[in-house]
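Asks: So that we are looking at the same thing, I have put the structure below in C-alpha cells.
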Amino acid sequence: MTISRETAFNALLIVLLIAVPYGASAMGEPFYVTLATRMVILALAAVGLNFLLGLGGLVSFGHAAFFGIGGYVAGIAATHAFNNTPLLFGLPGTNQMLIIWLVAVLLGGLAALAIGLISLRTTGVYFIMITLAFAQMIYYFAISWPAYGGEDGLSIYVRNAFPGVNTLNGLHFFYVCLALLAAVLVLFSVLRNSRFGAALQAARQNEQRLSAVGIAPFRVKLAAFAISGMITGLAGALFADLNRFVSPSMLSWHLSGELIVLIILGGTGRLFGPVAGAIVYVLFEFYLGGVTERWQFFLGLILLAVVLFARGGIVGLVAGKARHG
Amino acid sequence: MQTALLIEQILNGLQFGVMLFLMAAGLTLIFGVMGLINLAHGSLYMVGAFACAAVAAATGSFWLGLAASLVAAAAAGAIIEVSVIRRLYDRDHLDQVLATFALILIFSEGTRWIFGSFPLYLDIPPLLRGAVPLPGGSAYPAYRLAIIAVGIAVAIGLYLLISRTRLGMRIRAGESDREMIAALGVDIRTLYTVVFALGAALAGLAGALVGALQSVQVGMGEPVLILAFVVIVIGGIGSIKGALVGAVLVGLIDTLGRFLLPMALAGFMDASSAAGIGAALASMLIYVFMALVLAIRPQGLFSAQR
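Top to bottom, those sequences are chains B and W.
Okay, so the first sequence: first residue is 1 according to the numbering used here, each after it adds one.
Okay, so the second sequence: first residue is 1001 according to the numbering used here, each after it adds one.
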C-alpha cells in the first residue's frame, strides 16, 4: 500500500503540532505556544462545523453560537467558583475542566438541537440566514444581559483545572487541547466511514433517494447538527480558558464567518482541512499583523483569491486532486 | 401622554422599517435575479454613508452628499460586480458567502485606511431640522418623517420600475429563466451589472439617510445587514413586496418591543430587573418572530421562489 500525499501531509501536520510548541517552549518563546494553542482550538471548532458543512453540505453561518455558549459555560462556572457564589438552582460553580467540558458539550448540543429543529426545515440560502439569525439572537442576548458582564465580557481569573495537569503552564494546556483535537479527529474519521456518515453524505447528494431506502434525512441532519454543536461548544470552553476571558465577540457573526473560512481554506470535507486552515489562518493573522496594521485588508484579498482561483483548499492543493466532499 | 408616546414609537418603528426596506430591497432583488447571496451589501451601505458625510463636510450641502452617496455606492457596486461577483453566479452559496465575506474585510479596512478610525458626523439638513406637531400635543422630528416618505416613494418607484418598464420586464424575465432571455438577445451581463448597481445605490441611500441620525463609522453596515437578512427571510427571498411587509413588521416589532416589554414586565417584577430582562428579551424578539414565521411557512410570507 502506498501512502497518499494527503496522508503524508496529515502526518506532517501532526508531527509539527507536537514538536513546534515544544521547541518554542524550550527556547523560551511562550508566545508561540499560545499561538499554537489558538490554532488547535480554532481547528477543533472548525472540525465541529466540518461535520455539518463538509459532510452534510449544510452551510451553518451561526456556529459562533455554540462556540460562545461553550465559552460562557467556562466563564460563568469559573466566576461562581472564584466568588464562591451558587449558580442556578443552588448548584456551586466549578473550576474543573472536565465538568465544564461536559456542560459545554451538553449545552452546545442542546442549543444545536433546538436551532436545528427549526433551521433544518429550510434549505439553501434560508438555512444560511436562519442559522446566522439564531446566532445573532444569542449574541444580542449576551450583550444586553447585564448579569455576566454584558458587552464587557467576563474574566476568568485563574485558568480552570484539569486533574494531573498544571494548566497554568502554557505548554501543558496546549497538549490538553491537542489531545482533544486528536480525539475529535478520530471521531470524525470513524463517523465519516460509518453508516451514519454515509447517510449524511447521501443526504447532501439526494434526499429523495435517502428517504427511498428508508432513512429519514431530517433525523440524520439533526444528529449531525447536534454533534457539530457539541464539538464547537467544547472548543469554545477551551478558547475561553486560553484567553481567560469570554465576551460577546465569541458569539459574533465574524467568528462564524472565520470558521467557514478555516474549512474552505484548508479543504472542505477533508479530515485535516480545518487543521491546515486554522494553522495557515492564524499564521496569516500573525505575520500580516506584524507587517501592517491593515492586515484585514490583505487577508480579504488573499481569501478572495483562494475562493476564486484555488478551489479545494490547501489540502486539496497538496493532495493534487479535486475535492471529493 | 401615553398615546402620544405610543404614536411616536410607532413612527420610529416605521422609520426603522422603511430604512430596512431600502437595504432589503437591494438584497432580495440581487438574490431573486442572480441567485447571489451578498454579505457585502452592508459595506455598500457604509460606502453611501461615508460618501455622504465626506461630500457634505467638503461642500456644506447635505443634498450634494446624498447625491454623492448614490453615485459612490452604485459605482462601488458596479465595480465589485464586474471584478468579483460576476465569477460567483455559477458557484454554490458557500463560495458566495466566503467571497463576499472577504469583500467585507477589504471594504471595512479600506474605509478605515482612507477615513481613519474616528467616526464622522453628518448634520441633518436645515430644511428638515424642525419638528412636526402630532395629534395629541407632541411633536415628531421632520427628518424622520422625511425618511418614511423617501422609503414609501422608493417602494412605489421600485414597483413601477419592475412592473411597468422594459428594464423591469427584463429583471422579471431574468428571475424566471436566464437562459431564455439571453437567447432572446438581452445582454444579460450588463443587466446583472445594472441590477447590482441599483441594489447598491439603494443601500447607499439608506446609509446616507441614517448617517445623519447616528455617527458614520466603519462596521456600521453589519448589524443592519443581518436585520435585512431577517427581513427577506420573513418576507420571502426574491420578493420586493415581501421585503416591504417584512421590513415594516421587523421595524415595528423591534421598536415597540423595546418600548413595551420592560413596561409589561414591570407589572410583576421590580423596576431594574424588568428593565434589564425586558431589554434582553426585546433584542431577541425579531429573531423569535422570524423563527415563528419559518416554523409555519419555511419559504417566508411572500415567496418568489417556486
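No residue lacks a Cβ here, since even glycine has one placed at the ideal position from N, Cα and C.
Please check if any C-beta of chain W sits within less than 8 Å of the C-beta of B:T232.
Replies: For this step, residue 232 of chain B is matched to residue 232 along the first sequence. Judged by the 8 Å Cβ criterion, B:T232 is not in contact with chain W.
Asks: DSSP on W:A1212, reduced to helix/strand/coil?
Replies: Against the second sequence, residue 1212 of chain W aligns to sequence position 212. Of the three classes helix, strand and coil, the one that applies to W:A1212 here is coil, per DSSP.
Asks: Please confirm if W:L1256 has its CB atom under 8 Å from at least one CB of chain B.
Replies: To locate residue 1256 of chain W, count along the second sequence from 1; it is residue 256. Closer than 8 Å: no.
Asks: Quick one: does B:R294 have its CB under 8 Å from some CB of chain W?
Replies: For the purposes of this step, residue 294 of chain B is taken as residue 294 along the first sequence, with counting starting at 1. At least one chain W Cβ lies under 8 Å of B:R294.
Asks: Is W:L1094 close to chain B, meaning its C-beta is less than 8 Å from at least one C-beta of that chain?
Replies: By one-based count along the second sequence, residue 1094 of chain W stands at place 94. Chain B contact via Cβ: present.
Asks: Once you ignore the five residues that flank W:L1044 on each side, which residues in its own chain have a CB closer than 7 Å to its CB?
Replies: Within the second sequence, numbered from 1, the residue matching residue 1044 of chain W stands at position 44. These residues qualify, in order along the chain: A1073, A1076, G1077, A1200, A1203, G1204.
Asks: Run through chain B and tell me which residues come within less than 7 Å of W:P1262, C-beta to C-beta.
Replies: Here residue 1262 of chain W refers to the residue found at position 262 of the second sequence. By Cβ distance, chain B contributes nothing, its closest Cβ being about 11 Å from W:P1262, past 7 Å.
Asks: Please go through the same chain and pick out, in chain order, the residues whose beta-carbon is closer than 6 Å to the beta-carbon of W:V1293, but skip the five residues on each side of it.
Replies: Within the second sequence, the letter at position 293 stands for residue 1293 of chain W. Same-chain partners within the cutoff: I1234.
Asks: Can you tell me where the alpha helix (DSSP H) holding B:A226 begins and where it ends?
Replies: Walking along the first sequence from the start, residue 226 of chain B turns up at place 226. Boundaries of the alpha helix (DSSP H) around B:A226: 217–243.
Asks: Report back the beta-carbon spacing between W:C1052 and W:G1219 to the nearest angstrom; my notes put them in contact at under 8 Å.
Replies: Position 52 of the second sequence holds residue 1052 of chain W. Position 219 of the second sequence holds residue 1219 of chain W. 17 Å between Cβ atoms; not a contact.
Asks: Just curious, the alpha helix (DSSP H) that B:V103 is in, first and last residue?
Replies: By 1-based counting over the first sequence, the position of residue 103 of chain B is 103. 97–119 is the span of the alpha helix (DSSP H), which, as asked, contains B:V103.
Asks: Under 8 Å by Cβ, that's how I've got B:L259 and B:A77 pegged, so tell me the actual separation to the nearest angstrom.
Replies: As a position in the first sequence, residue 259 of chain B is number 259, starting the count at 1. As a position in the first sequence, residue 77 of chain B is number 77, starting the count at 1. Between B:A77 and B:L259 the Cβ distance is about 24 Å, and since that is not below 8 Å, they are no contact.
Asks: Looking at the strands, I want to know which residues DSSP matches up with B:S155.
Replies: Working through the first sequence from its first residue, we reach residue 155 of chain B at position 155. Beta-bridge pairing links B:S155 to B:F245.
Asks: Just to confirm, are W:L1261 and W:A1291 a CB contact at a threshold of 8 Å?
Replies: The count along the second sequence starts at 1 and reaches residue 1261 of chain W at position 261. The count along the second sequence starts at 1 and reaches residue 1291 of chain W at position 291. In this structure, W:A1291 does not lie closer than 8 Å to W:L1261 by Cβ.
Asks: For B:L251, which residues from the same chain have a beta carbon less than 7 Å from its beta carbon, with the 5 sequence-adjacent residues on both sides left out?
Replies: Taking the first sequence and counting its residues from 1, the one referred to as residue 251 of chain B is at position 251. Within the same chain, B:L251 has close Cβ partners A64, A65, G68, A135, I138, Y139, A142.
Asks: Decide if the segment 1027–1039 of chain W is in contact with the segment 293–310 of chain B; the criterion is three or more beta carbon pairs, one per stretch, under 8 Å apart.
Replies: no
Asks: Using the three-state DSSP reduction, which class does W:Y1121 fall into: helix, strand or coil?
Replies: Start at 1 with the first residue of the second sequence, and residue 1121 of chain W comes out as number 121. In this structure, W:Y1121 counts as coil in the three-state DSSP scheme.
Asks: Determine, using beta carbons only, whether W:L1128 and W:Y1140 come nearer to each other than 8 Å.
Replies: For the purposes of this step, residue 1128 of chain W is identified with residue 128 of the second sequence, where counting begins at 1. For the purposes of this step, residue 1140 of chain W is identified with residue 140 of the second sequence, where counting begins at 1. It is not a contact, given that the beta carbons lie outside the stated cut-off.
Asks: Take the Cβ of W:G1157 as the centre, count every other Cβ of all protein chains shown within 10 Å, and call the residue buried at 16 or more, exposed below.
Replies: For the purposes of this step, residue 1157 of chain W is taken as residue 157 along the second sequence, with counting starting at 1. Label assigned to W:G1157: exposed.
Asks: May I ask you to report which of helix, strand or coil DSSP gives B:F272?
Replies: The residue you call residue 272 of chain B lines up with position 272 of the first sequence. Coil.
Asks: Kindly indicate the opening and closing residues of the alpha helix (DSSP H) around W:A1183.
Replies: For the purposes of this step, residue 1183 of chain W is taken as the residue at position 183 of the second sequence. Here the alpha helix (DSSP H) through W:A1183 covers 1178–1183.
Asks: Considering only their Cβ atoms, is the gap separating B:A237 from B:G70 smaller than 8 Å?
Replies: On the first sequence, residue 70 of chain B is found 70 positions in, with the first residue counted as 1. On the first sequence, residue 237 of chain B is found 237 positions in, with the first residue counted as 1. Against a cut-off of 8 Å, the Cβ pair of B:A237 and B:G70 comes out as a contact.
Asks: Please determine, among B:G108, B:T37, B:Y126, the residue with the shortest C-alpha to C-alpha distance to W:I1037.
Replies: By one-based count along the second sequence, residue 1037 of chain W stands at place 37. For the set B:G108, B:T37, B:Y126, the Cα lying nearest the Cα of W:I1037 is the one of B:Y126.
Asks: Does any C-beta atom of chain B lie closer than 8 Å to the C-beta of W:M1269?
Replies: Reading the second sequence from its first residue, position 269 is the one you call residue 1269 of chain W. Cβ-Cβ to chain B under 8 Å: no for W:M1269.
Asks: Looking at chain W, is there any beta carbon in it that lies within less than 8 Å of the beta carbon of B:A322?
Replies: In the first sequence, residue 322 of chain B corresponds to position 322, counting from 1. Unreliable positioning characterises B:A322 in this predicted model, as indicated by a pLDDT of 49, which lies under 50. A coordinate reading is not provided.
Asks: Roughly how many whole angstroms lie between the Cα atoms of W:D1095 and B:L52?
Replies: Sequence index remark: in the second sequence, residue 1095 of chain W carries index 95 (1-based). Sequence index remark: in the first sequence, residue 52 of chain B carries index 52 (1-based). When rounded, the distance between both Cα atoms is 16 Å.
Asks: Going by DSSP, what residues sit across from W:P1133 in a beta bridge?
Replies: Numbered from its first residue, the second sequence carries residue 1133 of chain W at position 133. Note: W:P1133 sits in a beta bridge opposite W:A1139.
Asks: What residues in the segment 1158–1171 of chain W bring their beta carbon closer than 7 Å to a beta carbon of chain B?
Replies: none
Asks: Closer than 7 Å by C-beta to W:F1016: which residues in its own chain qualify, once you throw out the five before and the five after it? Chain order, please.
Replies: Taking the first residue of the second sequence as position 1, residue 1016 of chain W is located at position 16. Counting only Cβ-Cβ distances below 7 Å, and skipping sequence neighbours, we find G1251, D1254, T1255.
Asks: Got a sec, what are the start and stop residues for the alpha helix (DSSP H) B:H80 sits in?
Replies: The residue labelled residue 80 of chain B in the question sits at position 80 within the first sequence. Its alpha helix (DSSP H) spans residues 64–83.
Asks: Please confirm whether B:G257 has its beta-carbon closer than 8 Å to some beta-carbon of chain W.
Replies: Taking the first residue of the first sequence as 1, we reach residue 257 of chain B at position 257. Interface residue, yes.
Asks: List the residues that DSSP assigns as beta-bridge partners of B:A161.
Replies: Your numbering for residue 161 of chain B matches position 161 in the first sequence. Paired residue(s): B:Q96.
Asks: Just checking, does the segment 146–164 of chain B make contact with the segment 86–106 of chain B on the three C-beta pairs under 8 Å criterion?
Replies: yes
Asks: Please name the residue in W:S1273, W:L1198, W:S1069 whose C-alpha comes closest to that of W:V1216.
Replies: Locating residue 1216 of chain W in the second sequence gives position 216, where the first residue counts as 1. The candidate whose alpha carbon is nearest that of W:V1216 is W:S1069.
Asks: Can you list, in chain order, the residues of its chain with a C-beta nearer than 8 Å to that of B:R323? Leave out the 5 residues immediately preceding and following it.
Replies: Counting from one through the first sequence, the residue named residue 323 of chain B turns up at place 323. Interpretation of B:R323 is limited by its pLDDT of 46, a score under 50 that renders its predicted location unreliable; the figure taken from the coordinates is listed afterwards. Closer than 8 Å at Cβ, skipping near neighbours: G267, T268, G269, R270, R311, G312, G313, G316.
Asks: Considering only the beta carbon of each residue, do W:P1125 and W:F1062 sit closer than 8 Å?
Replies: On the second sequence, position 125 is the one that residue 1125 of chain W refers to. On the second sequence, position 62 is the one that residue 1062 of chain W refers to. Yes, the Cβ-Cβ distance between W:P1125 and W:F1062 is below 8 Å.
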